[in-house]
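Data first, discussion second: the structure below is written as structure tokens.
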Amino acid sequence: MENKKEFIEIIQQNEGLIFKVARVYTNTKEDERDLYQEIIYQLWKSFASFRRESKLSTWMYRIALNTAIAQLNKEKRKGYQIPIDEILLNKSDVPDTLADERSEVLFAHIKRLSDPEKGIILLYLEGKNYEEIATITGFTATNVGTRLGRIKQKLMSQIN
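Add 27 to the 1-based position in the sequence shown for our numbering, that's all there is to it.
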């Protein structure tokens, strides 16, 4: 019972990072909700074995990113396609402020990146340093820096 209570508190405190991962790795609100739930499920399954050798956010990101990538791979194997009516429905979700519009533009460009690139930029935008990103993604800190530079250049050229 104590584990359940602790887990719920942790999820409530960190749900923003789960939503960000789900948002970047999906194309529809329905898929976003499904991925969010799958990430929560995977976190719960792994919670008892979390040894607290790393930061909680590092552990959560690792599971969230792995779950998102696994879900994408599963969808690709099934030949997943977005129905046209869902695409049209999502176009009506127009943000009402300039900040929201900029955020939407950025996320739209991030979604075009490769899976590892999405993970790296998401962690960077979350304020993680190169070492933390390296721990979560499995790349070296130097490689993270190199990749991050390329990702930033790619995003800037797409946006401009």
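Glycine included, each C-beta is placed from N, C-alpha and C at the ideal position. On a predicted model such as this, the values are computed, not experimentally measured, just so you know.
Opening and closing residue of the alpha helix (DSSP H) in which PRO170 lies: It is Asn, not Pro, that sits at residue 170 in the sequence shown. Start and end: 168–186.
Residue range of the alpha helix (DSSP H) that includes LYS31: Note, LYS31: alpha helix (DSSP H), 29–51.
Alpha-carbon to alpha-carbon, PHE74 and TYR88: If you take the alpha carbons of TYR88 and PHE74, they lie about 13 Å apart.
Simplified DSSP state of THR55, which is helix, strand or coil: The answer is coil: DSSP assigns THR55 none of H, G, I, E or B.
CA nearest to the CA of GLN39, picked from THR53, ARG50, TYR52 and TYR63: Ranking the options by Cα distance to GLN39, first place goes to TYR63.
Spatially closest choice to GLY172 from ASP61, GLU128 and LEU150, by CA coordinates: The alpha carbon of GLY172 has as its nearest neighbour, out of ASP61, GLU128 and LEU150, the alpha carbon of LEU150.
Whole-angstrom C-beta distance between LEU99 and ASP142, which should lie under 8 Å: Sure, about 6 Å apart at Cβ, within 8 Å.
Nearest residue (CA-CA) to TYR52, options ILE148, GLU36 and ALA161: Measuring from the Cα of TYR52, the nearest candidate turns out to be ILE148.
Neighbour-count burial assignment, ARG129, 16 or more Cβ in a 10 Å radius: Looking at its Cβ environment, which holds fewer than 16 other Cβ atoms inside 10 Å, ARG129 is exposed.
Minimum C-alpha distance to ASN187 - residue among GLY176, LEU133 and GLU153: Selected option, being the one with the closest Cα: LEU133.
Nearest-angstrom Cα separation, counted from THR162 out to THR85: If you take the alpha carbons of THR85 and THR162, they lie about 7 Å apart.
CA-to-CA distance, ILE96 to ILE35, given in whole angstroms: ILE35 and ILE96 have their alpha carbons spaced roughly 24 Å apart.
Span separating the alpha-carbon of ARG79 from that of LYS155: Distance between the alpha carbons of ARG79 and LYS155 is about 18 Å.
Through-space distance from LEU182 to GLY165, alpha-carbon basis: Our two residues, GLY165 and LEU182, have alpha carbons roughly 23 Å apart in a direct line.
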